[in-house]
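Heads up: the sequence shown at position 46 corresponds to 46 in UniProt numbering, and the numbers run straight through without jumps.
Every residue, glycine too, gets a C-beta built ideally from N, C-alpha and C.
Shown next, in structure tokens, is the structure this report addresses.
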Amino acid sequence: MSLPSMSRASNVAVSFIIPVFNSAGTLGRAIDSLVVLTQTYDLPIEAVIVDDCSTDASAKLAEHLSHQYEWVKALSMERNSGSPSGPRNLGLQHVQGEFVYFLDSDDEILPEGFYSAYQLAMSRACDVVRAPLIVEEDAKQITRNSINSWDSRDSLEAKVSKIIGQQSTTVGGLICRSILEQNQIRWRDDIRLGEDTLFLIEILSHSTNVEYSPVPDYRYFKVKSVGEKASTQCYEEKELRDHLTVWKKASALLADVNINYLEIRGNVALRAALQAMCKYNRNGFSEALFDEFSRWLNLNKRTIAAFSFEARSQAAVEAALQGDYQAFRKAIRTRLLVAGGDLKFIELSFPYLAEQFDIKVDKWAGEASHDPAKSRVLANWADVIWCEWMLGNAVWYSRAASPDKTLIIRMHRFELTRNYGNQINFDNVDNVVVCSLPYVVELLNVFDVPREKVSLIPNIFLTDQYRQGSSPERVYNLALVGMVPALKGYHRALEVLSKLRQQDDRYTLTVFGKQPEELSWVANDPSERAYFDYCQKFISENQLEDAVTLKGWANLKQELADFGYVLSVSDLESFHVAPGEAFAAGNAAVFLSWDGVEYIYPSRYIFEEKDEMVAEILRGRDIEYFEEFRQEGAELVRNRYDVSRFVESVCDLIF
């Protein structure tokens, strides 16, 4: 296909500038779209790839592509700039094309639409040609940025107003390079949000001929990020400051061409910023920045009064207009909904999470029993939904929660024996939290959960709330927390006690928790009933009646200070909290090895045989030895498992 003659001398029609950072997996796709463009149309182009100090193979791939295609150049930044702006500016220093087009390394050009825009630019001597784009997410394609009622006979003011009002300020668009050079227009590298808005508006404010091509020229691949946060998933001090800079500068630039930026775009821009504040604000804003925001709102109060916001954003705007810093902070606090039946583990963290979040609870009556109407109201209220246990609650919310909610599920161990995990829509789940490494592996083996959506966050200890053990005699007091079901290893604990008393009759065992006869399901299970009968027989045969106490429920934060050793003798555990509580109370725990314990507690406390465990406990009669022995566990629980670490990990997951 032949080209219209170029109106300005250049050997290159279009220069594509492609900033790259850790894009080795997608850069080839972007270049392939340009290959199709050159093969379909007789169009002389160049592609300038600028690597921003990637840590993957992006730079090598760019260099390889520059050897494979003569129209590809590979450049590198001297140091990582942290945003695409620096690489784009470097690219501008090395381009030769009559027109410039900015292409992200994880997207692609649509050749037919692009060539239509180029023909329009050449035939009408345009400074800028904008076009729609196609957004692709989960194999679905949606056309965005279409402009209604475009008329080439309209005034420049009307055209620019339609672009600003009806399109997002994305990087797409064909730009005459002379506009950039004559006006020294460059990307702002000091801001991270809104730099594309300023770049486009500055170009439009210096243009005399702007057009729109109705054929999409760009495919944007929208990928739901997991792990590393995008810049749009953080909204704190810098982000608000950047937006204020952009809104003020954009207003000033467009005022020079008789366009009111806020009237055209302000409602959309401010609404998006307020929504981001509510969902992605971890540390709040300084009062000084709030005051600046308040002044800006009041300066534009008449325009903003015509805007429409949902109730929460409206409350934030009204608080800011009134200069009420505390009311504003309350309005934008992230809303956390905790849903589930058994909340005993997560409830420990509520007072601490409440420092960061507004919290509501959707209490379920059972594994799959709840009030759907109430749950829907709470789901609409929340920014973040935390399903405690991966049961019916997780299934329901994975189907009912809107995609803009952050949905987190915490699995313990029990859920692996249920089928709920096979019913969950994991496409709508942001993360599944597991409390120990072995159960990360088990979860992935049992259910079809994407690996990148699984996180490890250990259980919680309120380490500053435990009474501390001090009596030297406590080393003779053993504790077992939970004797039911049989897999808790009550009989093994009795064997350890018997062996110890053969050496020193001062040793005793206290068992906390419900007894078998209190649970009807034990009476109805012949194997469980036989096991506990066997334990009772062992007590009688070994004269342990006076050495074993069944204490029932107790406040372990107070009680465990008096027990030198908590025994962990289970068949299996996902984490086993009680031994950690022993360390928090200034005492020790000893473990008969169960699968994965070595990833949770230090190896010096783990034993393969009961006799090894007995020997260690006997050594603890030397109180100086015991105090040294318990110390590593105490430091581990305090430094790794304290509730403050849990809250920090949850915040890292959400923000």
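When DSSP states are grouped into helix, strand and coil, W389 belongs to the coil group. When D42, R29, I18, D32 are compared, the shortest CA-CA separation from N11 is found for D42. Straight through space, the alpha carbons of V597 and A250 are spaced by roughly 58 Å. By the Cβ criterion, the segment 581–601 is in contact with the segment 558–569, since at least three pairs of Cβ atoms, one from each stretch, lie closer than 8 Å. Contact check between the segment 279–289 and the segment 308–319: fewer than three CB pairs, one atom from each, fall below 8 Å, which does not count as touching. Beta-bridge analysis with DSSP links M411 to V434. Within the same chain, and ignoring the five residues on either side of T38 in sequence, the residues whose Cβ sits closer than 8 Å to its Cβ are I45, W71. By the CB criterion at 8 Å, I109 and L34 fall inside the cutoff. A residue is called buried when at least 16 other Cβ atoms come within 10 angstroms of its Cβ; Y476 meets this threshold and is buried. Along the length of the segment 310–349, whole beta strand (DSSP E) runs at least 3 residues long occupy 334–340, reported in chain order.
Counting only residues of its own chain and dropping the five nearest sequence neighbours on each side, L65 has a CB closer than 6 Å to the CB of I31, V72.
For R302, the enclosing alpha helix (DSSP H) starts and ends at 301–304. Non-local beta-carbon contacts of F307 in its own chain, meaning distances under 6 Å to residues more than five positions away in sequence, involve N267 in chain order.
Distance check between Q543 and each of E239, Y507, W187, Q515 places Y507 closest, using alpha-carbon atoms only.
By the criterion of a C-beta distance shorter than 8 Å, L353 is surrounded in its chain by L336, I359, V647, V650, once the five residues flanking it on both sides are discounted. The secondary-structure analysis by DSSP pairs V14 across a beta bridge with I45, F99. DSSP places Q423 outside any beta strand (DSSP E), giving it a letter other than H or E. Counting the other Cβ atoms within 10 Å of the Cβ of T208 gives fewer than 16, which makes it exposed.
If you compare the alpha carbons of A368, T197, P458, I408 with that of V449, the shortest gap goes to I408.
Under the three-state reduction of DSSP, Q543 is assigned to coil, being neither helix nor strand.
In the assembly as shown, I142 is an exposed residue. Its beta-carbon has fewer than 16 other beta-carbons within 10 Å.
DSSP places G580 in the helix class (H, G or I) of the three-state scheme. Around V135, the same chain offers I142, R144, Y220, K222 as residues with beta carbons nearer than 6 Å, after the five sequence neighbours per side are excluded.
In terms of Cβ geometry, V48 and V95 form a close pair [threshold 8 Å]. Shown here, T208 sits in coil according to DSSP, grouped into three states, outside any helix or strand. Collapsing the DSSP output to three states places E355 in coil. In the structure shown, the three-state DSSP call for V569 is coil. Fewer than three Cβ pairs drawn from the segment 598–613 and the segment 541–557 lie within less than 8 Å of each other, which leaves the two stretches out of contact. Beta-carbon to beta-carbon, R130 and Y212 are separated by about 5 Å, close enough to satisfy the 8 Å threshold.
Each of T463, L560, V434, C535 was checked against the Cα of V454, and the nearest Cα belongs to V434.
Bounds of the alpha helix (DSSP H) holding Y118 are 111–123. The C-alpha of D154 is placed about 45 Å away from the C-alpha of A59. Runs of alpha helix (DSSP H) with 4 or more residues, each lying fully within the segment 166–224, are found at 177–182, 195–205, listed in chain order.
Secondary structure of G596 (DSSP, three-state): coil. Cβ-Cβ distances below 7 Å link L348 to I460, L462, V643 in the same chain, with the five nearest sequence neighbours on each side left out; the list follows chain order.
By DSSP's assignment, L133 forms a beta bridge with R144.
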